[in-house]
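Colleague: Okay, handing you the structure first.
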Amino acid sequence: MRVKNTGRAAVVAVLVTALVALFTGAGPASAAPAPAAPAVPALTAPIAGTFTDAAGGTGTAAGTFTPTDFVADGSTLLANGVADVTLTDSAGQQVGSESRAVTVPVGVAAASCEILDLVLGPLDLDLLGLVVHLDRVHLNITAESGPGNLLGNLLCAIAGLLDPGPLTNLQALVNLLNQILALLRG
69 MRVKNTGRAA
79 VVAVLVTALV
89 ALFTGAGPAS
99 AAPAPAAPAV
109 PALTAPIAGT
119 FTDAAGGTGT
129 AAGTFTPTDF
139 VADGSTLLAN
149 GVADVTLTDS
159 AGQQVGSESR
169 AVTVPVGVAA
179 ASCEILDLVL
189 GPLDLDLLGL
199 VVHLDRVHLN
209 ITAESGPGNL
219 LGNLLCAIAG
229 LLDPGPLTNL
239 QALVNLLNQI
249 LALLRG
């Protein structure tokens, strides 16, 4: 069975969304005891894919991935967790389900960075009888970084040279993600 992960970066997105929800929840203003907090649902990311069934048709595999922890393997960020997948054949019949411990690479979503944001106000010129009128101009240049975006990667790296980065290495990111998981599990 070959299952294609439709959103490896979704794991990180789920964790960040849950962390934001955790810290932006409003607490009671009085000293009255707060009601018991509901149980936090498991953090999951959807996975989907296809397989060739016994009849030679294309079946579907759909399920969820629940991360248990994050690790660094060289320069690659990996998520350990459990994949729960249900297999449906080309006739629409469920042919099985599987729950398995897996390790998947975590892709970081492509980032963009602002290179230039130039705003020019209206301009009126009279050059010896030639009248030039230019309305407001807003020029915005953004570089997109990611695989295959050579110029975008280069310009984002140059633009961020003087930015202080909170994460200086992959192990720091692994530690932060594991701390977030621990907080969300309670």
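Under this note's numbering, think of the first position of the sequence shown as 69, with each following residue one higher. The beta carbon of each residue, even a glycine, is placed where N, CA and C say it ideally should be.
#1: Out of 245, 115 and 220, point me to the one whose CA is closest to residue 166's CA.
#2: According to the neighbour-count rule (16 or more other Cβ atoms, all chains shown, within 10 Å of its Cβ), is residue 205 buried or exposed?
#3: Closer than 6 Å by C-beta to residue 179: which residues in its own chain qualify, once you throw out the five before and the five after it? Chain order, please.
#4: Under three-state DSSP, which class holds residue 172?
#5: Would residue 138 and residue 245 qualify as a contact pair, given that the criterion is a beta-carbon distance under 7 Å?
#6: What does the alpha-carbon distance come out to for the pair residue 127 and residue 111?
#7: So, helix, strand or coil for residue 259, using DSSP?
#8: Quick one: is residue 173 buried, meaning 16 or more other Cβ sit within 10 Å of its Cβ, or exposed?
#9: For residue 133, which residues from the same chain have a beta carbon less than 6 Å from its beta carbon, with the 5 sequence-adjacent residues on both sides left out?
#10: From residue 202 to residue 210, what does the alpha carbon distance come to, in whole angstroms?
#11: Using C-beta distances below 7 Å, list every residue in its chain close to residue 238, excluding the 5 sequence neighbours before and after it, in chain order.
#12: Would you kindly work out how many angstroms separate the C-alpha atoms of residue 187 and residue 243, rounded to a whole number?
#13: Can you tell me where the alpha helix (DSSP H) with residue 227 in it begins and where it stops?
#14: Which of the three DSSP states is assigned to residue 195 in this structure?
#15: Going by the DSSP bridge assignment, what does residue 118 pair with across the sheet?
#16: On the DSSP bridge assignment, give the partners of residue 137 in chain order.
#17: Can you have a look at residue 79 and say buried or exposed, based on whether 16 or more other CB atoms are within 10 angstroms of its CB?
Modeller: In brief:
#1: For the residues 245, 115 and 220, the minimum Cα distance to residue 166 belongs to 115.
#2: exposed
#3: 213
#4: strand
#5: yes
#6: 26 Å
#7: The structure shown does not extend to residue 259, since the chain spans only 69 to 254, so no value can be given for it.
#8: exposed
#9: 113, 115, 149 and 151
#10: 24 Å
#11: 140, 143 and 145
#12: 42 Å
#13: 218 to 227
#14: strand
#15: 128
#16: Residue 137 is bridged to 148.
#17: Because the pLDDT of residue 79 is 43, which lies under 50, any placement of that residue in the model is unreliable, and the number read from its coordinates should be weighed accordingly. Flag for residue 79 reads buried.
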